[in-house]
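Engineer: Which chain is which? The protein sequence lines are A and B, in order.
Residues in the first sequence are numbered from 5 upward in steps of one, following the numbering used here.
Residues in the second sequence are numbered from 54 upward in steps of one, following the numbering used here.
Before we start, here is the structure in question, set down as structure tokens.
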Amino acid sequence: MAAVGLTEATAVAVAIADAADLIRVRQLLRAEALSAGLGLVDQTKLITAGSELARNILTYATGSRGTLQVEQVQDSGRRGVRATFSDQGPGIPDLDAALSDGFSTGGSLGLGLPGAGRLTDEMNVTSASGSGTTVVITKWAR
Amino acid sequence: MTGVVPIMQVGDTLLVSLQGDLDDATVIAVEEQLTREVARRGATGTLIDVSGLAVVDSFIARALARVVGMIRLLGSEAAIVGMRPAVAITLVELGVPMGKLDTALNAEQGMALLRRLRSDGSRRLD
């Protein structure tokens, strides 16, 4: 999926539907991290967190296409990147468990969601059984 | 069968260099190709150079740990070399358990590490 501009000039989005989209997710996050002035380590953390969250969509929201929307954000002079991963999948039945290290129903290490939280400055997860999941992460330039 | 990545051979050591943005299928294919080549060529050691990877997420990290395990199971040695500092910082924070892997700063130190591992069979017993 090519990146398409949304109504906000600074927001771009990619679809997350198959494994090839993971590459596009990483590329988009890298470009946005660079343009927000994130340092190399913070860029790497943001891209890695995004890769984990996009993979979660591919693993758990099967059959429903997910979306990543990325925007540049500013807060009292700080610049940063905010990435919103949303899907219309089955939702996360037990959010507390899913946010714990080592919990996985998908045969993985169970690090994706809690790890993405550690790698970013802010993470907000909303999920309801049957109506999908939205994860918003923010990384600020230092 | 043609491989997904070029594998260099130096003596009885194989050297594979991973580059760029790897998709999952490529990662799996490298795993299989490398394990097969170690057996086919009778390599006593393998260095997996990850200096060309700007991002290693938990899937790729797990694949790296898995291929090292496969190569050891064959009776050979393998080490991960050249990991970028930003990637190492990220993997530790992500929580990927990679402490049991043999690693070296670069290929040269990796060759020395493989020599030590070959002459010291004791690590296998722990």
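The beta-carbon is built from N, C-alpha and C at its ideal position, and this holds for glycine as well.
Every value quoted in this text rests on a predicted model; they were computed, and no experiment measured them.
Between the stretch 130-149 of chain B and chain A, which residues of the former have CB atoms less than 7 Å from a CB of the latter, in chain order?
Structural biologist: Taking 7 Å as the Cβ-Cβ cut-off against chain A, the residues of the stretch 130-149 of chain B that qualify are A139, V140, I142, T143, E146, L147, G148 and V149.
Engineer: Please report the residue range of the alpha helix (DSSP H) in which A/R146 lies.
Structural biologist: Along the first sequence, one-based indexing puts residue 146 of chain A at 142. Where A/R146 is concerned, there is no enclosing alpha helix (DSSP H), given that its DSSP letter is neither H nor E.
Engineer: Check whether the Cβ atoms of A/S108 and A/D91 lie closer than 8 Å to each other.
Structural biologist: In the first sequence, residue 108 of chain A corresponds to position 104, counting from 1. In the first sequence, residue 91 of chain A corresponds to position 87, counting from 1. For A/S108 and A/D91, no; Cβs fall outside 8 Å.
Engineer: I'd like to know whether the C-beta of A/V45 is nearer than 8 Å to at least one C-beta of chain B.
Structural biologist: The count along the first sequence starts at 1 and reaches residue 45 of chain A at position 41. Closer than 8 Å to some Cβ of chain B, the Cβ of A/V45 qualifies, so yes.
Engineer: From this set, A/T63, A/T124 and A/A87, which residue's C-alpha is nearest A/V16's C-alpha?
Structural biologist: By 1-based counting over the first sequence, the position of residue 16 of chain A is 12. Cα-wise, what sits closest to A/V16 is A/A87.
Engineer: Against chain B, with Cβ distances strictly below 8 Å, would A/E126 count as a contact?
Structural biologist: Here residue 126 of chain A refers to the residue found at position 122 when the first sequence is read from its first residue. Closer than 8 Å: no.
Engineer: Using a Cβ-Cβ cut-off of 8 Å, state whether A/T48 counts as contacting chain B.
Structural biologist: Locating residue 48 of chain A in the first sequence gives position 44, where the first residue counts as 1. For A/T48, the answer is yes, since a Cβ of chain B falls inside 8 Å of its Cβ.
Engineer: Can you round the beta-carbon distance between A/T52 and A/L123 to whole angstroms, since I take them to be within the 8 Å contact cut?
Structural biologist: Your numbering for residue 52 of chain A matches position 48 in the first sequence. Your numbering for residue 123 of chain A matches position 119 in the first sequence. Right, the Cβ-Cβ distance comes to about 6 Å (below 8 Å), so this counts as a contact.
Engineer: Considering only the alpha carbon of each residue, which of B/A116, B/T97 and B/R169 lies closest to B/Q62?
Structural biologist: Counting from 1 along the second sequence, the entry for residue 62 of chain B is found at position 9. Among B/A116, B/T97 and B/R169, the Cα nearest to that of B/Q62 belongs to B/T97.
Engineer: Report the start-end ranges of each beta strand (DSSP E) in the stretch 108-178 of chain B that is 3 residues or longer and not cut off at the edges.
Structural biologist: Qualifying beta strand (DSSP E) stretches, in chain order: 130-134.
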